[in-house]
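Just below is one structure, and these are the notes that go with it.
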Amino acid sequence: MTPFERLHPSLQYHIVNTLGWPGLRPSQAEAIEPVVTGKNALLLAPTAGGKTEAASFPILSRMLTENWRGVSVLYVCPIRALLNNLEPRLAQYAGLVGRRAALWHGDVGQGQKRKVLRELPDLLLITPESIEGMLVSRRVEHEALFAGLQAVVVDELHAFAGDDRGWHLLAIIARLERLVGRPLQRVGLSATVGNPEELAEWLTVGRPVVVAGRSTVSTDADVTLDHVGSLDNAALLLSRLHRGEKRLVFCDSRGKVEQLAAGLQAGGVRTFVSHSSLGADARRQAEEAFARERDCVIVATSTLELGLDVGDLDRVVQIDAPSTVSSFLQRMGRTGRRPGSRRNCLFLTTSEKAFLHAAGLVRLWSEGYVEPVKPPATPLHLHAQQIMAMILQDGGLPESEVQPRLAGAFGAVDEGDTRAILGHMLVTGVLASDGGVLGIGPTGEKLFGRRNFLELLAAFTAPSMVTVMHGRQELGQVDPVSLTARADQPSVLLLAGRHWQVASIDWRRRIAWAEPAAGAGKSRWLGSSRALHFDLCRAIQRCLAEGQVPCTLSKRGTTRLATLVEEFSFLDGRAQAILAEEGSIHWWTFAGGRANAALALAIANDQCRVRRSDDFGLDLDGHPPSLDAADLTNALENADGVDLGHEISGLKFSACLPLILARDVVLRRRFDLDGAMQVVVSKISF
1 MTPFERLHPS LQYHIVNTLG WPGLRPSQAE AIEPVVTGKN ALLLAPTAGG KTEAASFPIL
61 SRMLTENWRG VSVLYVCPIR ALLNNLEPRL AQYAGLVGRR AALWHGDVGQ GQKRKVLREL
121 PDLLLITPES IEGMLVSRRV EHEALFAGLQ AVVVDELHAF AGDDRGWHLL AIIARLERLV
181 GRPLQRVGLS ATVGNPEELA EWLTVGRPVV VAGRSTVSTD ADVTLDHVGS LDNAALLLSR
241 LHRGEKRLVF CDSRGKVEQL AAGLQAGGVR TFVSHSSLGA DARRQAEEAF ARERDCVIVA
301 TSTLELGLDV GDLDRVVQID APSTVSSFLQ RMGRTGRRPG SRRNCLFLTT SEKAFLHAAG
361 LVRLWSEGYV EPVKPPATPL HLHAQQIMAM ILQDGGLPES EVQPRLAGAF GAVDEGDTRA
421 ILGHMLVTGV LASDGGVLGI GPTGEKLFGR RNFLELLAAF TAPSMVTVMH GRQELGQVDP
481 VSLTARADQP SVLLLAGRHW QVASIDWRRR IAWAEPAAGA GKSRWLGSSR ALHFDLCRAI
541 QRCLAEGQVP CTLSKRGTTR LATLVEEFSF LDGRAQAILA EEGSIHWWTF AGGRANAALA
601 LAIANDQCRV RRSDDFGLDL DGHPPSLDAA DLTNALENAD GVDLGHEISG LKFSACLPLI
661 LARDVVLRRR FDLDGAMQVV VSKISF
């Protein structure tokens, strides 16, 4: 029996006769056996590799064969835009076999949500935050709603696992399993990652799991690296390049997206914009228009990296560089879908560091490397959040159940940490106990109780934003600093690729009304730069030491590389070096920002002061002492003098943790001990 023949006959018929498919892709065929037999699975495929069908076809087959009824499948995505994009396709597939799919997230209207509760779909597309909202809502009979639940499909699993939303998702799935009284089949969909087996075991919290699909990296693509020096120069170049083609341009900040889009429009280019701070309607309209047209550009952040269908693309352009090879592969994978076309990516860098960053990514890609996905260490703040959420869900939580329920969600959980968290939450009044049953205390009500505990259910800190309206249309959201105006001039914003003059602001409701403006504006969003990781920085070092980048270089790119190779000629093929310059010492480690921060912590003493550290090295007053692994470990364990106040305050629910545990969470995330260890054990050149 072929994999296709394992599918339900009705589904086989419609795949061939209604959809007109001649067959399944290899990754789709490989996914059928584990999924139709109820196994947990991680399905791997590159961008546009058919991951959605790889999961949905065998899941629908199980649904028909086993006669599942009610909400039997949750299809979970990290962003609402992806859910919106997938819903028509999944609704079509479900409808072919007499089943229904529906959508539920924060942008879905109350009328549509009431319809979902009245007429239960078979497959519900949803975010983890919306699932938790259902579990604690008094208006949703969650036991009845989820009574028939059998499986959870997690799309873009690598995007979840790389931050705390992944831990939150695992906790939600564990609570669903407890609610329905049975294990749920877990099916993860992921782009290529460096550690698929580890990612699969993380998804299932150690239960048996099958990894299906290809995890190798294809280097068959046209990649070019150019150095343009500024965003204005990038806009000028793009306005002249590839006229008549459909181009997707990625920037890694919303401000750069808006600035570049404005420059392209000024150059007469039909330009659309997509980023997370645009209004849902404005973003959807832009994406739909871009999908329909040919000679145009859409400028986007990573929102268009994750699986959204915007039609066939001719070109992908990257301003500066994404943070990982995985992101680069997903972005480049948007191209080369038409017969006879090749995947392609043009890097346009605006700074020296961005040029090196792009060169290092290309080097890693050429070597077949993709980063392993590592969930953030020690999510103790989410343990506290889940304790409170479980109390809201059940109306109380016996103290004796806290430890086993946390362990079911997060895997190994230290009992001492759990006792310390509970003790702190009780002493501070975040929780209260009545005969061993926990409830929300007065401090917990004050901190998280507003608007039906919305602050508790929004598990992650987001900056306070102001919504910008044009009449009844929501344009998007900006940081309040964007609305600061001089006394003699109104505020002019740049949003959705257009300039807007602020007419009035309601600070209490955090709404600004704006009208189209002729003058140039600017919008701001506060964000934090991410440190480059160890392997990327070592790839940059290899490019500099060897004077080569394994892709096509423009004339400007060739000149820039030659200049940088000359500046770093002291490396002479070595991984690291220590140079004395103008009374100070610079230790070139090429170890990444987090590893260098750990080294800075370990070497600081009376004879050696660390003036600064960055991704590539450390500036020192005095010669660094010799270090070993024990020195690094001791430095982290005795880091009482390190000021972590800002990071702790940015850790939502840190108020629910004893200070020593909050510091431990931040320390384990701030420093790359493994990378620092590699520096310590390697030979240093003086």
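The UniProt record's numbering puts the first residue of the sequence shown at 1, with every later residue one more than the last.
Glycine residues also receive a C-beta, built at the ideal position from the N, C-alpha and C atoms.
Three-way DSSP call (helix, strand, coil) for residue i in this model
i	result
residue 225	strand
residue 344	strand
residue 232	helix
residue 698	Within the shown structure, residues of the chain are numbered from 1 to 686, placing residue 698 beyond reach of any answer.
residue 296	strand
residue 242	coil
residue 398	strand
residue 626	coil
residue 381	helix
residue 164	helix
residue 441	coil
residue 75	strand
residue 547	coil
residue 669	helix
residue 112	helix
residue 686	Reliability fails at residue 686, whose pLDDT of 46 lies under 50, so the model's placement of it is uncertain and the value that follows must be treated cautiously. Residue 686: coil per DSSP, three-state reduction.
residue 613	strand
residue 180	helix
residue 651	coil
For residue i, the residue or residues it bridges with in DSSP
i	result
residue 582	DSSP output for residue 582 lists no bridge partner at all.
residue 469	474 and 513
residue 716	With the chain running from 1 to 686 in the structure shown, residue 716 is simply not present.
residue 605	608
residue 186	152
residue 42	188 and 211
residue 495	498
residue 552	224
From the options, residue whose alpha carbon lies closest to that of residue i
i	options	result
residue 743	458, 105, 385 and 256	The shown model of the chain, from 1 to 686, leaves out residue 743, and the question about it has no answer.
residue 419	165, 408 and 404	404
residue 181	124, 150 and 205	150
residue 35	9, 70, 18 and 189	189
residue 565	352, 607 and 367	352
residue 507	478, 517 and 523	478
residue 623	590, 579 and 492	579
residue 343	350, 332 and 489	332
residue 495	560, 357 and 275	275
residue 101	125, 233 and 118	125
residue 50	300, 137 and 21	21
residue 80	678, 155 and 256	155
residue 375	159, 44 and 674	159
For residue i, the first and last residue of its enclosing alpha helix (DSSP H)
i	result
residue 88	80-96
residue 419	415-427
residue 16	9-17
residue 259	254-266
residue 315	It is not in any alpha helix (DSSP H) - residue 315 instead sits in the beta strand (DSSP E) that spans 315-319.
residue 363	352-366
residue 569	Per DSSP, residue 569 belongs to no alpha helix (DSSP H) and is neither H nor E.
Outcome for residue i when other beta-carbon atoms lying within 10 angstroms are tallied against a minimum of 16
i	result
residue 85	buried
residue 185	buried
residue 395	exposed
residue 398	exposed
residue 281	exposed
residue 303	buried
residue 93	buried
residue 666	buried
residue 75	buried
residue 223	buried
residue 453	buried
residue 388	buried
residue 692	In the structure as shown, the chain starts at 1 and stops at 686, and residue 692 therefore has no counterpart that could be examined.
residue 504	exposed
residue 131	buried
residue 468	buried
Unbroken beta strand (DSSP E) run spanning residue i, endpoints
i	result
residue 434	431-434
residue 500	498-506
residue 213	210-213
residue 271	271-274
Beta carbon proximity, residue i to chain E, threshold 8 Å
i	result
residue 24	Looking for chain E here will not work: only one protein chain is present.
Proximity test, residue i beta-carbon vs the ligand MN heavy atom, cut-off 7 Å
i	result
residue 415	With respect to small molecules bound, the structure shown includes none, and the ligand MN cannot be examined in it.
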